[in-house]
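For the protein sequence lines, the chains are A and B, in the order given. For what it's worth, my numbering labels the leading residue of the first sequence as 1, then goes sequentially. For what it's worth, my numbering labels the leading residue of the second sequence as 1, then goes sequentially. These notes concern the structure reproduced below.
There are 2 protein chains.
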Amino acid sequence: MESNRLSTASFPVLDRRSWLKSTGMAFAGLTVGTQFLSSSALAQHEADRSARRTEPVRLSGNENPFGPSQMATMAMMQNLERSFRYAGVETAALKKLIAEKEGVAEENIIMGVGSGEILEIYGLYLGKDKGEVVTVSPGYMQMVRAMERMGTKVISVPLNDKLEHDLDAMAAKVTANTKCVYICNPNNPTGTIVNPEKLKAFAIEVSKKCPVFIDEAYLQCADNFEANTMVGLVRDGHNVAVARTFSKLYGLAGQRVGYGVMKPELVKAVQEYSTGSLNLLGVVAATASLEDAAYAPETVAKIKAGRNALIDVVKGMGKKYAEPHGNFVFFQTGMPISMFADKMRAENVLVARPFPPMLDWARITIGTPEDMAVCHAALKKVLA
Amino acid sequence: MESNRLSTASFPVLDRRSWLKSTGMAFAGLTVGTQFLSSSALAQHEADRSARRTEPVRLSGNENPFGPSQMATMAMMQNLERSFRYAGVETAALKKLIAEKEGVAEENIIMGVGSGEILEIYGLYLGKDKGEVVTVSPGYMQMVRAMERMGTKVISVPLNDKLEHDLDAMAAKVTANTKCVYICNPNNPTGTIVNPEKLKAFAIEVSKKCPVFIDEAYLQCADNFEANTMVGLVRDGHNVAVARTFSKLYGLAGQRVGYGVMKPELVKAVQEYSTGSLNLLGVVAATASLEDAAYAPETVAKIKAGRNALIDVVKGMGKKYAEPHGNFVFFQTGMPISMFADKMRAENVLVARPFPPMLDWARITIGTPEDMAVCHAALKKVLA
Chain A
1 MESNRLSTAS FPVLDRRSWL KSTGMAFAGL TVGTQFLSSS ALAQHEADRS ARRTEPVRLS
61 GNENPFGPSQ MATMAMMQNL ERSFRYAGVE TAALKKLIAE KEGVAEENII MGVGSGEILE
121 IYGLYLGKDK GEVVTVSPGY MQMVRAMERM GTKVISVPLN DKLEHDLDAM AAKVTANTKC
181 VYICNPNNPT GTIVNPEKLK AFAIEVSKKC PVFIDEAYLQ CADNFEANTM VGLVRDGHNV
241 AVARTFSKLY GLAGQRVGYG VMKPELVKAV QEYSTGSLNL LGVVAATASL EDAAYAPETV
301 AKIKAGRNAL IDVVKGMGKK YAEPHGNFVF FQTGMPISMF ADKMRAENVL VARPFPPMLD
361 WARITIGTPE DMAVCHAALK KVLA
Chain B
1 MESNRLSTAS FPVLDRRSWL KSTGMAFAGL TVGTQFLSSS ALAQHEADRS ARRTEPVRLS
61 GNENPFGPSQ MATMAMMQNL ERSFRYAGVE TAALKKLIAE KEGVAEENII MGVGSGEILE
121 IYGLYLGKDK GEVVTVSPGY MQMVRAMERM GTKVISVPLN DKLEHDLDAM AAKVTANTKC
181 VYICNPNNPT GTIVNPEKLK AFAIEVSKKC PVFIDEAYLQ CADNFEANTM VGLVRDGHNV
241 AVARTFSKLY GLAGQRVGYG VMKPELVKAV QEYSTGSLNL LGVVAATASL EDAAYAPETV
301 AKIKAGRNAL IDVVKGMGKK YAEPHGNFVF FQTGMPISMF ADKMRAENVL VARPFPPMLD
361 WARITIGTPE DMAVCHAALK KVLA
């Protein structure tokens, strides 16, 4: 098996995509039954890749093509052979690592099949008492909708003129009947972030009356994560819950790993509603992602560069936009979103769904520079 | 990048473990930062493998170390780079493929995070009406416990003297207050199978009074799957639901993919309780598993050989056992299960948890021949 190995000589300095491309080619060769990676097999593979170019550029789902980290990919590769095992031991280890990183007890952590499952089960639990939930419009609705299904009334507060959460207006809507205040920070779809001092004061005050849920799915894409995260409030015993995910900054949306940080008694109560369970490869990838110190700052820089370049295009076309802090940009197209989406699709770019009531605005996810070049060219045509 | 490739010359005839071992070595080399796979790196890797030998042999969780299929492993490897994508498109394709294989409409299929999620959500849905659920003891309790949490009373019918479901005794327990009859076939932990003609007649008759749930998690490990599956009853419109999983025969327990086959209106109602979502690598692995025609018969043969060899040891020690049809054997140890488990652990073998009320019986999962050699030696010592 002398030749059955990978040279790793250039790996540490090799770009992840180039490396995976080369190994990917090897494995593509295996599946088509070639005896060796002949030049014709490589040519075929390149033709396949080029055919894929004609597939739409997907900038619709806030997925992060800069991930997963090399270390996460390695961890998954090394565990492929072990995927016949349930992930109990590995999940326990990940939970412990997360608790250490967050500076809380393990009893404060609830693992979820993505943070989506945390939003669902927290919503189902709180929704059992009906009442009202206070949130913003447009905002991310998964937890709010789970409460609504259980009979909770949704109180939607408009964003301010910068498309930010209007905390004073939200506080004014909190009554004895409020079961939760939900804040997605940075907000989806607008990408705006709340001033951390104001949010902290708001959460401390409001959480005396009802639980406050801070969805930090995109916060790791923002500058100054440490200054902005509200996990410290959970640590200090306030009735605040925080959700986080490996789907966004860590580029593991497909592997469905997220978690919540909240009071231990809430962890227990909320867990009762969970019907999912974590997958081994997702868990080892998430663990490796946390251990890859270089990944996060490098990826935040790439996302930020992508945001800035996209804003330049949008500004250049004279359009308004919300100040972005996630891996996406929300801007005014000046036409109905359905029309804009159709025109962009004709240019081979998929953009996000409508976000009522802002139906002449659009959300575009930051893709690779290659993807964004297609997107920029499309925008210059469609917005002209 | 001339050397950065895998020779695939001997892959098709190469044993999966040998192949993965060699590639695994390459990747192990990468993570420790070696420049090449030096002989010292290989020696270290072998030392690591040998150290792992001292880890317990896990025969406790009905995991299947003969899986996943090579094609599933390939599919996962080829999709590592894409794990930043949500699995929506791939999940829809898998669902379509499953519907075709099962000979039902897509509307009859509900995907789950393992069949465990199907058991949970079906149980939560049916449990909302309280009432009673009829099952056996000892049996698999996940769905029954979900109903019980919602307020349903559990009616447990003893197994017959062959440790099989006693269908007549179960039918006698069905009343106007019965919300479901649950049958795990082959049963867990006993491994016994129900006569298909009798089960079919039972399910047709009882399903006129209440839903019948057939958990076929292990049925693909049995002989004559086609003669034994009850999916035909769903096809014919009976109020029967069937659950199936990729965790057992297909060796993908870690990747959490399962499904249910049931009436379309039940699919919709039950889906409301789901909080999980499928992971990309699990979905592509499941899809590839279904497309690997050779895998299932080969693996069933390996499991059957393992069962027969284990039965020979148990019989040789003069112990009673249940006729096994899953990837495990249930037998009488003649001592309390806690004592037996301790003695086996001392011999480096982990066996399954207690299954009351049969507390001097034990369940052992079929592992690799290497694992089973350790297990057989331990049994000969412990049962002597």
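All residues carry an ideal CB built from backbone N, CA and C; glycine is no exception.
So, for residue i: in the same chain, excluding its five sequence neighbours on each side, which residues have a beta-carbon less than 7 Å away from its beta-carbon?
i	result
Ala-87 (chain A)	Leu-278, Asn-279, Leu-280, Val-283
Leu-30 (chain A)	Annotation note: pLDDT 36 at Leu-30 (chain A) (below 50); position unreliable, coordinate value reported separately. Contacts found: none.
Lys-95 (chain B)	Glu-106, Ile-109, Met-111
Ile-118 (chain A)	Ile-110, Gly-112, Ala-243, Gly-258, Tyr-259, Gly-260
Asn-79 (chain B)	Leu-280, Leu-281, Val-284
Ala-296 (chain A)	Gln-220, Leu-249
Arg-307 (chain A)	Pro-324, Val-329, Ile-366
Arg-85 (chain A)	Leu-280
Along chain B, which residues have their Cβ under 7 Å away from the Cβ of residue i?
i	result
Phe-84 (chain A)	Glu-63, Asn-64, Pro-65, Gly-67, Pro-68, Gly-251, Leu-252, Ala-253, Gly-254
Met-147 (chain A)	The contacting residues do not exist; Met-147 (chain A) stays about 13 Å from chain B at best.
Gly-397 (chain A)	No answer is possible for residue 397 (chain A): the residues shown for chain A start at 1 and end at 384.
Gly-116 (chain A)	Ser-277
Ala-87 (chain A)	Gly-254
Val-144 (chain A)	Within 7 Å Cβ-Cβ: nothing; Val-144 (chain A) doesn't reach chain B, min ~15 Å.
Val-374 (chain A)	Going along chain B, no residue has its Cβ under 7 Å from Val-374 (chain A), so there is no contact; the nearest lies around 17 Å.
Just list the residues that DSSP pairs residue i with in beta bridges.
i	result
Pro-386 (chain B)	Nothing can be reported for residue 386 (chain B), as the shown portion of chain B is limited to 1 through 384.
Thr-245 (chain A)	A:Gly-258
Ile-303 (chain B)	DSSP, once it has assigned bridges, lists no residue as partnering Ile-303 (chain B).
Gln-332 (chain A)	A:Trp-361
Lys-153 (chain A)	A:Glu-132
Gly-112 (chain A)	A:Gly-258
Val-240 (chain A)	A:Val-212
Ile-183 (chain A)	A:Ile-214
Leu-350 (chain A)	A:Arg-58
Against residue i, what residues of chain A qualify as contacts under a CB-to-CB distance less than 7 Å, listed in chain order?
i	result
Ile-121 (chain B)	Thr-275
Gly-282 (chain B)	Asn-279
So residue i and residue j are supposed to be a Cβ contact under 8 Å. How far apart are they, rounded?
i	j	result
Ile-110 (chain A)	Val-267 (chain A)	5 Å
Leu-249 (chain B)	Thr-299 (chain B)	6 Å
Ile-193 (chain B)	His-325 (chain B)	4 Å
Ile-121 (chain B)	Ser-274 (chain B)	5 Å
Ser-83 (chain A)	Ser-289 (chain A)	That pair is no contact at about 18 Å.
Val-261 (chain A)	Asn-108 (chain A)	5 Å
Thr-287 (chain A)	Ala-75 (chain A)	7 Å
Lys-302 (chain A)	Phe-66 (chain A)	5 Å
Met-372 (chain B)	Met-77 (chain A)	Contact flag wrong, Cβ pair sits at about 28 Å.
Ala-227 (chain A)	Pro-196 (chain A)	5 Å
Going by beta carbon distance, what residues of the same chain come within less than 8 Å of residue i, once the five residues before and after it are set aside?
i	result
Lys-179 (chain B)	Leu-126, Gly-127, Asp-129, Lys-130, Gly-131, Glu-132, Val-133, Met-147, Thr-152, Cys-210, Pro-211
Thr-229 (chain B)	Glu-216, Leu-219, Val-242
Leu-167 (chain B)	Val-194, Lys-198, Leu-199, Phe-202
Lys-208 (chain A)	Asn-239
Met-317 (chain B)	Leu-379, Lys-380, Leu-383, Ala-384
Pro-357 (chain A)	Ser-137, Pro-138
Val-374 (chain B)	Val-57, Glu-347, Asn-348, Val-349
Leu-359 (chain A)	Pro-336, Ile-337
Ser-115 (chain B)	Asp-215, Ala-217, Ala-243, Arg-244, Thr-245, Ser-247, Gly-258, Tyr-259, Gly-260
Glu-90 (chain A)	Leu-280, Val-283, Val-284, Thr-287
Glu-205 (chain A)	Ala-171
Can you pull the chain A neighbours of residue i, defined as C-beta to C-beta under 9 Å?
i	result
Glu-55 (chain B)	Correct list: empty, because the minimum Cβ distance to chain A is about 11 Å.
Thr-73 (chain B)	Leu-80, Glu-81, Ser-83
Val-313 (chain B)	Those within 9 Å of Val-313 (chain B) in chain A number zero; the least Cβ separation is about 23 Å.
Val-382 (chain B)	Per Cβ cutoff of 9 Å: no residues; Val-382 (chain B) is ~25 Å from chain A at best.
What residues from chain B crowd round residue i, counting only those whose CB sits closer than 8 Å?
i	result
Leu-59 (chain A)	None at all; the shortest Cβ gap to chain B is about 12 Å.
Met-76 (chain A)	Met-76, Leu-80, Ser-83, Leu-281
Beta-carbon within less than 6 Å of residue i's beta-carbon, same chain only, minus the 5 sequence neighbours each way: which residues are those?
i	result
Asp-292 (chain B)	Ser-69, Met-71
Glu-355 (chain A)	One detail in the question is off: residue 355 (chain A) reads as Phe in this sequence, not Glu. Cβ within range, chain order: Pro-138, Pro-189.
Lys-319 (chain A)	Phe-331, Gln-332
Since residue i meets chain B, which of its residues come closer than 9 Å, beta carbon to beta carbon?
i	result
Val-329 (chain A)	Those do not exist, as Val-329 (chain A) stays about 18 Å from chain B at its closest Cβ, beyond 9 Å.
Exercise. Is it true that the stretch 132 to 152 of chain A meets the stretch 188 to 199 of chain A, where meeting means three or more beta-carbon pairs spaced less than 8 Å apart?
Worked result: Yes: the two stretches touch, three or more of their Cβ pairs being nearer than 8 Å.
For this session: Count the CB pairs spanning the stretch 204 to 219 of chain A and the stretch 237 to 244 of chain A that are closer than 8 Å, and state whether there are at least three.
Result: Contact annotation: the stretch 204 to 219 of chain A touches the stretch 237 to 244 of chain A, with at least three C-beta pairs closer than 8 Å.
For this session: Indicate whether the contact test is met: 3 or more Cβ pairs, each with one atom in the stretch 336 to 345 of chain B and one in the stretch 306 to 313 of chain B, closer than 8 Å.
Result: Contact between the stretch 336 to 345 of chain B and the stretch 306 to 313 of chain B is absent, because fewer than three Cβ pairs lie under 8 Å.
Exercise. With contact counted as at least three CB pairs below 8 Å, one residue from each stretch, are the stretch 90 to 108 of chain B and the stretch 222 to 238 of chain B in contact?
Worked result: Touching, yes.
Problem set entry | Inter-stretch contact (C-beta, 8 Å, three-pair minimum) for the stretch 55 to 65 of chain A and the stretch 359 to 368 of chain A | Inter-segment contact for the stretch 55 to 65 of chain A and the stretch 359 to 368 of chain A is present: three or more beta-carbon pairs are separated by less than 8 Å.
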